[in-house]
Each structure stands twice: as C-alpha cells, then as structure tokens.
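Worksheet: the structure to be examined is printed underneath.
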Amino acid sequence: MSRKREKLYHSGQALHSTAKRRRPSLPELAESASTKPSSSVDVLVIDLSPECFILDLKSRFEVYSCISRIRIDHDGVGYVTFRFKDSADAAITASLDPSFGITIDSKKIQVLLAKDWNSEVWIGLKENGLG
Numbered sequence: 115m116s117r118k119r120e121k122l123y124h125s126g127q128a129l130h131s132t133a134k135r136r137r138p139s140l141p142e143l144a145e146s147a148s149t150k151p152s153s154s155v156d157v158l159v160i161d162l163s164p165e166c167f168i169l170d171l172k173s174r175f176e177v178y179s180c181i182s183r184i185r186i187d188h189d190g191v192g193y194v195t196f197r198f199k200d201s202a203d204a205a206i207t208a209s210l211d212p213s214f215g216i217t218i219d220s221k222k223i224q225v226l227l228a229k230d231w232n233s234e235v236w237i238g239l240k241e242n243g244l245g
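Have a look at this one:
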C-alpha cells in the first residue's frame, strides 16, 4: 500500500476548468458610472447654538439615514451631507413640524436644502424685520 494520496486530477488544469468572471471593459465601466445618479444632498442647518458640536448634529440627523459629511461654521451654520435625497427631505420635513421640529440644546433649528437657502433665508429675515 502506498502512503501517498492518489491524485484526484491528473493535471492542474482540471482544477481550474470553471470559467473565470469576465472583467468589464472600459466603455462598460464608463456607462455604468454615468447611469449612477449623484445622490448625495447637502442640507443647511441654521440657528445652531455656539455650544453645538458635530456629534450633536450627527446624533440628531443620523436618525434619518446615513450621513457622509458634517461641518459647522463659526457663525452657527451647519452643513450635513446625506447620501440620499429622501433622507434630506425627511429631515427638512421633520424640522418644519410645528409641534416638534428638530431641537439641539433646547433650541429649535431650521433645516433647508443647501442649494436654495439664500432665497428662503432672505424671506425669513424680511418677515422677522431683520432684512
């Protein structure tokens, strides 16, 4: 009796006889990249208290979905980048709720889409007699 195991395959090619996954060509990669929509959406957060930190914003806004970036300026304005537009819309809708809204440090904050904040803030300033 031989102590060596008998080979199940007579050649090394029999082990790799299954087809390998084909890599996509460059034009296929370009088409798939162009069909993916850019879905990240920036949201502007106004009326933040000076004691507000990034973790405060994160804990309040991660309820709506995944956040890819958060930034707070020195003038009490924050920017939250959501990965999906639906998440940004949910945060904006929640902030407009008159009974609850979104509060940080017991202060109600305003949440707007970053692309159209200029017109809405200007209207809000005029209504409050500040503009």
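Numbers 115 to 245, taken from this note's numbering, label the letters of the sequence shown in order. C-beta atoms are modelled at their ideal positions from N, C-alpha and C, and glycine is treated no differently.
Give me, in chain order, the residues of the same chain whose beta-carbon lies closer than 8 angstroms to that of residue i; leave out the 5 immediate sequence neighbours on both sides.
| i | result |
| --- | --- |
| residue 227 | 155, 156, 157, 158, 202, 206 |
| residue 229 | 156 |
Could you check where the beta strand (DSSP E) with residue i kicks off and where it finishes?
| i | result |
| --- | --- |
| residue 223 | First-last for residue 223: undefined, no H or E at that position. |
| residue 156 | 155 to 160 |
Using 8 angstroms for Cβ pairs, my map puts residue i next to residue j. What's the rounded Cβ distance?
| i | j | result |
| --- | --- | --- |
| residue 196 | residue 179 | 6 angstroms |
| residue 223 | residue 209 | 7 angstroms |
Whose C-beta lies closer than 6 angstroms to the C-beta of residue i among residues of the same chain, with five residues either side of it excluded?
| i | result |
| --- | --- |
| residue 170 | 218 |
Residue range of the alpha helix (DSSP H) that residue i falls in?
| i | result |
| --- | --- |
| residue 209 | 199 to 209 |
| residue 173 | 168 to 175 |
Beta-carbon within less than 7 angstroms of residue i's beta-carbon, same chain only, minus the 5 sequence neighbours each way: which residues are those?
| i | result |
| --- | --- |
| residue 221 | 161, 163 |
| residue 194 | 157, 159, 171, 175, 181, 184 |
Which word fits residue i, buried or exposed, when buried means at least 16 other C-beta atoms lie within 10 angstroms of its C-beta?
| i | result |
| --- | --- |
| residue 192 | buried |
| residue 245 | Confidence at residue 245 is low in this model, with a pLDDT of 45, below 50, so the placement of that residue should be treated as unreliable; the coordinate-derived value is given next. With fewer than 16 Cβ atoms within 10 Å of its Cβ, residue 245 is classed as exposed. |
Give the DSSP-derived three-state secondary structure of residue i in the structure shown.
| i | result |
| --- | --- |
| residue 192 | strand |
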